[in-house]
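Note that UniProt numbering has the sequence shown beginning at 1, numbered continuously upward. Heads up, the beta-carbon is just placed ideally off N, CA and C, and yes, glycines get one too. Computed from a prediction, not measured in an experiment: that's the story for all the values here. Written out below as structure tokens is the structure these notes cover.
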Amino acid sequence: MMTSSNPTGNEIPQLEPSEAARLRENGSILLDVRTNEEFIAGHIQDVVFITLSEIEARAHELDPEIPLIALCRAGGRSQAAAELLAARGFTVSNMSGGMQAWEAAGLDLVTSDGGPGEVI
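Okay, structure coming up:
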């Protein structure tokens with residue numbers, strides 16, 4: 001596991017999709033911060049969906065006792081979300097490579113109606 005430093009001084013762990021999937025099975029929450037259009041096209045089943053633009057206003061909806069793994073399409077927006085949440089006291093990691101890496105690893109994606117999803 002790698003970490004990424006940021007101006008707030010918080011080290012954000014960088015996780016591979018396989019590690020994120022394993023941690024999810026152990027109780028971590030996957031937090032998808034992509035746009036609504038991206039989410040509808042394909043997402044990981046049972047993730048928490050809060051767009052990056054809403055993360056500050058909706059952070060109160062998240063349980064600070066449960067570790068979070070932020071994700072987006074490629075990893076940049078989720079890194080920004082992870083930094084914001086870490087500054088608020090959350091335990092948070094970033095899934096490096098985002099949904100593109102998840103899809104490339106052959107992990108499942110669904111659409112909002114339960115069909116097979118895709119990353120756009």
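Worksheet item: What's the gap between the Cα of R58 and the Cα of G27?
Response: For the purposes of this step, residue 58 is identified with residue 58 of the sequence shown, where counting begins at 1. For the purposes of this step, residue 27 is identified with residue 27 of the sequence shown, where counting begins at 1. The alpha-carbon of R58 is positioned some 21 Å away from that of G27.
Practice prompt. For L85, I'd like the list of residues in its chain whose CB is within less than 6 Å of its CB, leaving aside the five on either flank, ordered along the chain.
Written response: As a working note, residue 85 is residue 85 in the sequence shown. Within the same chain, L85 has close Cβ partners V92.
Item to complete: Please confirm if the segment 60-68 is in contact with the segment 35-43, defined as three or more CB-CB distances below 8 Å between the two stretches.
Response: Because the criterion of three Cβ pairs below 8 Å is not met, the segment 60-68 and the segment 35-43 do not touch.
Item to complete: Compare the C-alpha of A82 against each of E61, A105, M99 and E56 and name the closest.
Response: As a first step, residue 82 must be located in the sequence shown, where it is residue number 82. Of E61, A105, M99 and E56, the residue nearest in Cα terms is E56.
Discussion item. Assuming L62 is part of the alpha helix (DSSP H), what are its boundary residues?
Written reply: Position 62 of the sequence shown, counting from 1, holds the residue named residue 62. Unbroken run through L62: none, as it is neither H nor E.
Worksheet item: In terms of alpha-carbon separation, which member of D63, P64, C72 and Q45 lies closest to T51?
Response: Along the sequence shown, one-based indexing puts residue 51 at 51. Among D63, P64, C72 and Q45, the Cα nearest to that of T51 belongs to C72.
Worksheet item: Along the chain, where does the beta strand (DSSP E) that runs through T14 open and close?
Response: On the sequence shown, residue 14 is found 14 positions in, with the first residue counted as 1. First, the amino acid is wrong: residue 14 is Gln here, not Thr. For Q14, the enclosing beta strand (DSSP E) covers residues I12 to L15.
Practice prompt. Throw me the rounded Cβ distance for the G98 and P64 pair, which I believe falls under 8 Å.
Written response: Here the question's residue 98 lines up with position 98 in the sequence shown. Here the question's residue 64 lines up with position 64 in the sequence shown. The Cβ separation is near 23 Å, so there is no contact.
Worksheet entry | Residue span of the beta strand (DSSP E) that contains I29, given as start and end | Locating residue 29 in the sequence shown gives position 29, where the first residue counts as 1. For I29, the enclosing beta strand (DSSP E) stretches over residues I29 to D32.
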